[in-house]
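Asker: Residue numbers (UniProt numbering): 1 to 251. One structure coming up, written as structure tokens, with questions to follow.
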């Protein structure tokens, strides 16, 4: 008899997080769908349960230490000890350096870096107790540098160092830690970028696709496939890696 593994996916109400949550559920995991607004997670939960899976919605600010502890314990009680964590929650506060406010910087660091730290710290004890676990952090090609994203780029680069360090620390307990660095993915976040630039989303996607070797932009499912591999037993000897899922080589 096999025991169902429990996964937590943050920022899972929509976009990449929602795709990862539904994919992991299809892979047979029970999934806690976490986002800032619990009600916004319900659609993803309903989709998972309608397909025969098991899921719950949990509202949490991943940058709030106490709320993170409460959320993880709720998941452990209602679904089972979480031995899979996908740190996907993220925000953007883009601006050129001279226009970027301290709040813009702190907000991005809080969600991406502090959030991944708090969630990983809260979940690792369950993984260590189980003698196995998987942590997947969402980085970005912006980690290589991107105009107008000093805060986001620094956070996403930081997640790569965080990933490699946790892989070293947690490997002896049967826990692997890897990162996925998406390139251009068609999501509400990129739609908002198009609006800020004053172009239609279709024009934005078309322009982006021309710069990508495979000739198309990425979809949330492209990232979900990579997450599925890192969470699976097949990747048990893969840890501390950063996989760029960007439709072409990255520098």
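Where is the CB? At the ideal position from N, CA and C, for every residue including glycine.
DSSP puts residue 243 in a beta bridge; with which residues?
Answerer: In the DSSP output, where bridge partners are listed per residue, residue 243 has 180.
Asker: According to DSSP, simplified to helix, strand and coil, what is residue 102?
Answerer: Of the three classes helix, strand and coil, the one that applies to residue 102 here is helix, per DSSP.
Asker: Can you check whether the CB of residue 111 is closer than 8 Å to the CB of residue 230?
Answerer: In this structure, residue 111 does not lie closer than 8 Å to residue 230 by Cβ.
Asker: Between the C-alpha atoms of residue 184 and residue 246, what's the straight-line distance to the nearest angstrom?
Answerer: Rounded to whole angstroms, residue 184 to residue 246 spans 7 Å at the Cα level.
Asker: As a quick exercise: from 237, 58, 206, 164, pick the residue whose alpha carbon is nearest that of residue 40.
Answerer: That would be 58, whose Cα lies nearest to the Cα of residue 40.
Asker: Ordered along the chain, which non-local residues of its own chain (more than five positions away) have a Cβ less than 7 Å from that of residue 68?
Answerer: Only 60, 62, 118, 119, 122 meet the Cβ criterion.
Asker: Would residue 168 pass as a contact of residue 88 if the rule is Cβ separation under 8 Å?
Answerer: Contact: no.
Asker: Could one say the Cβ of residue 63 lies closer than 8 Å to chain D's Cβ atoms, at least one of them?
Answerer: Looking at the structure shown, chain D is missing, and only one protein chain is on hand.
Asker: For residue 241, which residues of its own chain have a beta-carbon under 6 Å away from its beta-carbon, when the five flanking residues on both sides are left out?
Answerer: Cβ neighbours of residue 241 beyond the five flanking positions: 178.
Asker: Spatial neighbours of residue 204 within its chain, please: C-beta separation below 6 Å, excluding the five flanking residues on both sides.
Answerer: The answer, listed in chain order, is 194.
Asker: The beta strand (DSSP E) spanning residue 138 covers which residue range?
Answerer: From DSSP, the beta strand (DSSP E) with residue 138 extends over 133–138.
Asker: In the DSSP assignment, the beta strand (DSSP E) including residue 220 goes from what residue to what residue?
Answerer: Element bounds for residue 220: not the beta strand (DSSP E) but the alpha helix (DSSP H), 220–231.
Asker: Considering Cα atoms alone, identify which of 149, 4, 235 is closest to residue 109.
Answerer: Looking at the Cα atoms, 149 is the closest of the given residues.
Asker: Which of the three DSSP states, helix, strand or coil, is assigned to residue 19?
Answerer: Helix.
Asker: Out of 48, 6, 66, 26, which one is the CA nearest neighbour of residue 13?
Answerer: For residue 13, the nearest C-alpha among the options comes from 48.
Asker: To which residues of the same chain is residue 171 closer than 7 Å at the C-beta, ignoring the five residues directly before and after it?
Answerer: Excluding positions up to five away in sequence, the list reads 239.
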